[in-house]
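As structure tokens, the structure follows; a few thoughts come after it.
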Amino acid sequence: MKNLLILHASQIATPTGNSIKHGREMDQIKCISDGAIYVENGTIKEVGKTNDVVEKLKKNNINKFDQIINAAGSAVLPGFIDSHTHFLFSGYRLEEFCERVGGSTYMKIMENGGGIQATVDETRKASFTELRDSGMQRLNEMLQQGITTVEGKSGYGLDEKNEMKQLEVFRELNLIQPVDISVTYLGAHAIPREYQDKADDYVDLMISKLLPKIKHEELAEFVDVFCDKGVFDLKRAEQLLKAAKKLGFKLKMHADEIANLNGVSLAAKLDAVSADHLIKISPEEIKELSKKENTVATLLPCTAFCLKENFAPARDLIDSNCGVALASDYNPGSSFTCSIPLIIALATFEMKMTMNEVLTALTLNGAAALDLANKKGTLEPGKVGDIIFLKYPDFRYLLYNTGGNLVSKVIKNGELVYE
Ligand code: NIG
Ligand code: FE
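The following block contains the structure:
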């Protein structure tokens with residue numbers, strides 16, 4: 001048995017429950033002052049006031065601990081869940097980024113053969129080891145931000161060999177470092193050069209060969225598609241997602257990012273676990289999404305910021321009773337950052353979310369976007385012991401100390417992995 005006792009936290013701040021929070025519920029979080037948490041074999045067993053938890057442990061004759069941490073002065077939160085990233089890639093796109101800073105656009109660069117294709121070229125050249133090592137470094141950076149679970153998408157290989165390579169690197173990374181990775185197959189990230197005027201053939205290849213193979217080898221849990229102008233139209237997206245669903249994959253979608261193709265409608269119709277981006281979502285689609293119990297609206301403010309786009313209408317979504325998650329979209333093109341402090345600043349100041357809503361969006365609703373809300377995203381008995389400490393006594397310092405990384409300790413599965 002391995003156990004951990006955290007005592008005297010200035011504040012334990014957490015959403016509650018085992019499923020997605022919608023609308024107003026997102027603003028309700030639980031705060032405990034002078035709080036304690038007891039974790040046994042990686043699972044949270046007790047949470048409450050320090051006196052109450054200590055009493056209870058005594059009563060149950062639990063008096064030996066592998067580790068006791070005094071959390072006085074710290075706010076203690078569930079580990080952050082970054083539910084949309086493309087962190088596994090090779091090669092950077094600094095020049096393209098500078099062109100955009102100078103006034104060019106994401107789509108213009110893509111039409112000229114840059115963008116995702118440029119990263120595909122570099123990722124195809126990279127060895128398994130190179131990809132693994134750079135992935136490892138980026139995960140370490142995320143861990144230091146308090147991210148304990150991350151989603152990782154393929155989509156920079158596009159051909160069979162290189163998509164499999166990316167997926168296999170994810171598998172290895174899950175074994176050799178502490179951050180949990182939920183894996184998504186995003187073969188439909190761009191139409192590969194070899195299939196430039198044969199997009200239907202590429203969709204056929206994914207459906208007939210790649211999806212069954214990935215399912216058979218259990219290399220991905222989700223399938224995603226970049227449904228947008230110049231990439232995958234609605235018809236092709238639907239074809240691919242329906243086939244994926246039939247094979248038992250859970251669905252995600254890049255929807256209504258650059259143009260509105262009615263992607264959110266499709267995500268709702270197919271019961272996707274999440275619809276992501278939503279910068280161009282229509283009022284009708286907001287209504288449709290609000291009727292879905294389990295499709296998370298995942299918003300990616302760093303992408304909107306770096307593309308100089310408008311921000312997704314977080315307030316309209318929440319006020320219409322949708323469930324919103326926030327994620328980084330970490331990738332070498334549109335959002336080369338995994339900064340939780342930047343997400344928090346943009347979500348509050350620009351998207352008008354409250355601090356409580358932001359906390360829910362980065363924890364429980366992020367977990368829901370990965371179909372993990374029954375295991376992660378809150379500090380409650382039965383949940384995984386993924387816990388972070390801040391160097392200030394109240395979680396709202398995350399915004400007040402704007403842009404700063406306040407994470408002082410990270411506990412993963414009940415073990416201290418960073419301080
Ligand atoms: O979510 N939109 C598509 N995919 C990423 C960008 C990936 C890239 O530019 O490399 C996104 O913004
Ligand atoms: Fe993305």
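full-length UniProt numbering numbers the first residue of the sequence shown as 1 and each following residue consecutively.
From the three backbone atoms N, C-alpha and C, an ideal C-beta is built for every residue, glycine too.
Since the model is a prediction, treat every value here as computed from it, not as a measurement.
Residue 257 Cβ short of 8 Å to the ligand NIG heavy atom set: Residue side-chain check: residue 257 places its Cβ nearer than 8 Å to a non-hydrogen atom of the ligand NIG.
Touch test, the segment 350 to 368 against the segment 170 to 187, Cβ-Cβ under 8 Å, three pairs minimum: Here the segment 350 to 368 makes no contact with the segment 170 to 187; the two share fewer than three CB pairs at distances below 8 Å.
N-terminal and C-terminal residue of the alpha helix (DSSP H) that residue 253 is part of: No alpha helix (DSSP H) contains residue 253, which is instead part of the beta strand (DSSP E) from 250 to 255.
The ligand NIG heavy atom lying under 8 Å from the CB of residue 106: Taking 8 Å as the cut-off, the C-beta of residue 106 counts as close to a heavy atom of the ligand NIG.
Residue 293 burial status per 10 Å Cβ neighbour count (16 or more: buried): Around the CB of residue 293, fewer than 16 other CB atoms lie within 10 Å, so the residue is classed as exposed.
Heavy atom of the ligand NIG within 8 Å of residue 87 beta-carbon: Not a single heavy atom of the ligand NIG lies less than 8 Å from the C-beta of residue 87.
Enclosing alpha helix (DSSP H) for residue 76 [first to last residue]: Counting along the chain, residue 76 falls outside any alpha helix (DSSP H), though it belongs to the beta strand (DSSP E) covering 75 to 78.
Alpha-carbon spacing of residue 225 relative to residue 116, whole angstroms: Roughly 14 Å separates the two Cα atoms.
Straight-line Cα distance separating residue 120 from residue 129: Approximately 17 Å, taken between the alpha carbons.
C-alpha distance - residue 155 paired with residue 96, whole-angstrom precision: Rounded to the nearest whole angstrom, the C-alpha separation of residue 155 and residue 96 is 19 Å.
Beta-carbon contacts of residue 22 that lie in its chain and below 7 Å, excluding the five residues immediately before and after: Cβ within range, chain order: 321, 322, 323.
Exposure of residue 328, with buried meaning 16 or more beta-carbon neighbours within 10 Å: By the 16-neighbour rule on beta-carbons within 10 angstroms, residue 328 is buried.
Simplified DSSP state of residue 334, which is helix, strand or coil: If DSSP states are grouped into helix, strand and coil, residue 334 belongs with coil.
Inter-residue spacing [alpha-carbon to alpha-carbon] between residue 239 and residue 200: Whole-angstrom Cα-Cα distance: 10 Å.
Spatial neighbours of residue 202 in its chain, beta-carbon cut-off 7 Å, leaving aside the 5 residues before and after: These residues qualify, in order along the chain: 191, 192, 195.
Closer than 8 Å: residue 254 CB and nearest the ligand FAD heavy atom: As far as ligands go, the structure on display features the ligand NIG and the ligand FE and does not contain the ligand FAD.
Secondary structure of residue 272, DSSP reduced to three states: Here residue 272 sits in coil by DSSP.
Span of the beta strand (DSSP E), counted from its first residue to its last, around residue 390: Where residue 390 is concerned, the enclosing beta strand (DSSP E) starts and stops at 387 to 390.
9 Å Cβ cutoff met for residue 362 and residue 403: No.
Extent of the continuous alpha helix (DSSP H) to which residue 6 belongs: No alpha helix (DSSP H) holds residue 6; the beta strand (DSSP E) holding it covers 3 to 14.
Distance, residue 107 Cα to residue 260 Cα: Just so you know, the alpha carbons of residue 260 and residue 107 end up roughly 14 Å apart.
Reference residue 19, options 57, 397, 375, closest by Cα: Ranking the options by Cα distance to residue 19, first place goes to 375.
The segment 65 to 79 contacting the segment 397 to 417, beta-carbon criterion three pairs below 8 Å: A contact exists between the segment 65 to 79 and the segment 397 to 417.
Start-to-end residues for the alpha helix (DSSP H) that takes in residue 123: Its alpha helix (DSSP H) spans residues 116 to 125.
Which of helix, strand or coil DSSP assigns to residue 311: In this structure, residue 311 counts as coil in the three-state DSSP scheme.
Sequence ranges, beta strand (DSSP E) only - wholly within the segment 341 to 402, length at least 3: If we require 3 residues or more, the beta strand (DSSP E) runs fully inside the segment 341 to 402 come out as 387 to 390.
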